[in-house]
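Participant:
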Amino acid sequence: MADNNVQINEIASRIAELRDICGYTDVEMAEYLNISLETYIAYENAELDFPVSVLYALAAKFNVDLTEILTGKSPKLANCSLVRKGEGIMVDRYKGYDFENIAYKFINRKMEPMVVTVGAETETEVPELVSHEGQELNYCLEGTLRVTFGKSEFILNEGDCFYFDPSIPHAQSAVGGKPAKFLTVIL
Numbered sequence: 020m021a022d023n024n025v026q027i028n029e030i031a032s033r034i035a036e037l038r039d040i041c042g043y044t045d046v047e048m049a050e051y052l053n054i055s056l057e058t059y060i061a062y063e064n065a066e067l068d069f070p071v072s073v074l075y076a077l078a079a080k081f082n083v084d085l086t087e088i089l090t091g092k093s094p095k096l097a098n099c100s101l102v103r104k105g106e107g108i109m110v111d112r113y114k115g116y117d118f119e120n121i122a123y124k125f126i127n128r129k130m131e132p133m134v135v136t137v138g139a140e141t142e143t144e145v146p147e148l149v150s151h152e153g154q155e156l157n158y159c160l161e162g163t164l165r166v167t168f169g170k171s172e173f174i175l176n177e178g179d180c181f182y183f184d185p186s187i188p189h190a191q192s193a194v195g196g197k198p199a200k201f202l203t204v205i206l
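Position one of the sequence shown corresponds to residue 20 (our numbering), numbered consecutively onward.
1. Tell me, to the nearest whole angstrom, how far the beta carbon of residue 156 is from that of residue 199; I am working on the premise that it is less than 8 Å.
2. Excluding sequence positions up to five away, which residues of its chain have a Cβ less than 8 Å from the Cβ of residue 63?
3. Considering only the alpha carbon of each residue, which of 153, 27, 202 and 152 lies closest to residue 166?
4. Measuring alpha carbon to alpha carbon, tell me which residue in 100, 191 and 114 is nearest residue 123.
5. I'd like to check one pair, residue 153 with residue 132: are the Cβ atoms closer than 9 Å?
6. Excluding the 5 residues flanking residue 140 on each side, which residues of the same chain have their C-beta closer than 6 Å to its C-beta?
7. So, for residue 60: in the same chain, excluding its five sequence neighbours on each side, which residues have a beta-carbon less than 7 Å away from its beta-carbon?
8. Measure the alpha-carbon distance for residue 66 versus residue 55 and round it to whole angstroms.
9. Among residues of its own chain, excluding the 5 on either side of residue 41, which ones have a beta-carbon nearer than 7 Å to its beta-carbon?
10. I'd like to confirm the pairing. Which residues does DSSP put opposite residue 163 in its beta bridges?
11. Can you tell me whether DSSP reads residue 76 as helix, strand or coil?
12. Can you round the beta-carbon distance between residue 14 and residue 204 to whole angstroms, since I take them to be within the 8 Å contact cut?
13. Residues in its own chain within less than 6 Å of residue 126 by CB, not counting five upstream and five downstream?
14. From the DSSP output, read off the bridge partner residues of residue 149.
15. So if DSSP puts residue 132 in a beta bridge, which residue, or which two residues, is it bridged to?
16. When DSSP builds the beta bridges, which residues end up paired with residue 55?
17. Distance, Cα to Cα, residue 76 vs residue 162?
18. What are the start and end residues of the alpha helix (DSSP H) that includes residue 85?
19. At which residues does the beta strand (DSSP E) containing residue 102 begin and terminate?
20. Among 68, 183 and 192, which has the Cα closest to the Cα of residue 144?
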C-alpha cells in the first residue's frame, strides 16, 4: 500500500505542476472536470485517489500523454512499441481493480489498451459506476466478468467482447468467486 500512496503523491504533484505550467486555476480545473472544487483540491493534495477517467481528462486538457502523468516520462516510440508480459505500467486506481497499461511507450496513442484484473471481492462489493468520453472495448481473457452498463448487466465469459459508449455509467466486476481478467481498449 505504501507504493500506491507514493504513486498517488507523485501523480498529484505532476498534475499540480502541469496545471500551474498551463496557467489554469484549481477552480477552472474543477469546472472542466465537472467536480466540486473541494474534490479537485483533494486530488491535487493526494487526499483522494484519481479515477482513471479524471486522469484521461487531465491529460487531454494539459495536452500531454497519460504516460507523462503516470510516470513523469514521455513516451518515445512513434512507429511501434513492444511491451513484454509483465512489463506494463501498473496503475492501481480503484479498490478491487488492477490496471496494466500495455502501450505506454508509444507516443501520440489514439487508444489506451490495458489489461485489467478485477478481484473476487467485486462480486459482492460492486464498484462505483464511472463514465468518460470516447469508446471502450472489454474482451474477457480469464474468468467471468459482469459489465454493469447503465441499468443493464452483461456477463462475459472467456473470449466474449463488449464494445460500448463509456459516457453511459459502467463498471466491471468478477463473477463466480474468482478474479476476472480482461483487456480494455479506450478510444
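Note that CB positions come from ideal geometry on N, CA and C, so glycine has one too.
Facilitator: This is what the structure holds:
1. In fact, because the Cβ distance is near 15 Å, the residues do not count as touching under 8 Å.
2. If we look at residue 63 and ignore the five residues flanking it on each side, its Cβ neighbours are 31, 34, 35, 38 and 45.
3. Minimum Cα distance to residue 166 is reached at 202.
4. Looking at the Cα atoms, 100 is the closest of the given residues.
5. Contact: no.
6. Non-local beta-carbon contacts of residue 140 in its own chain, meaning distances under 6 Å to residues more than five positions away in sequence, involve 115 in chain order.
7. 45, listed in sequence order.
8. Their Cα atoms are separated by approximately 14 Å.
9. Result list for residue 41: 81, in chain order.
10. Bridge partners of residue 163 according to DSSP: 194.
11. Residue state, collapsed to three classes: helix.
12. What is shown of the chain runs 20 to 206, which leaves residue 14 out entirely.
13. The residues are 94 and 97.
14. DSSP, once it has assigned bridges, lists 189 as partnering residue 149.
15. For residue 132, which the question treats as bridged, DSSP gives the partners 204.
16. In the DSSP output, where bridge partners are listed per residue, residue 55 has none listed.
17. The straight-line gap from Cα to Cα measures roughly 30 Å.
18. Judged by DSSP secondary structure, residue 85 falls within the alpha helix (DSSP H) whose first and last residues are 85 to 90.
19. Element bounds for residue 102: n/a, residue is neither H nor E.
20. Of the candidates 68, 183 and 192, the one whose C-alpha sits nearest the C-alpha of residue 144 is 192.
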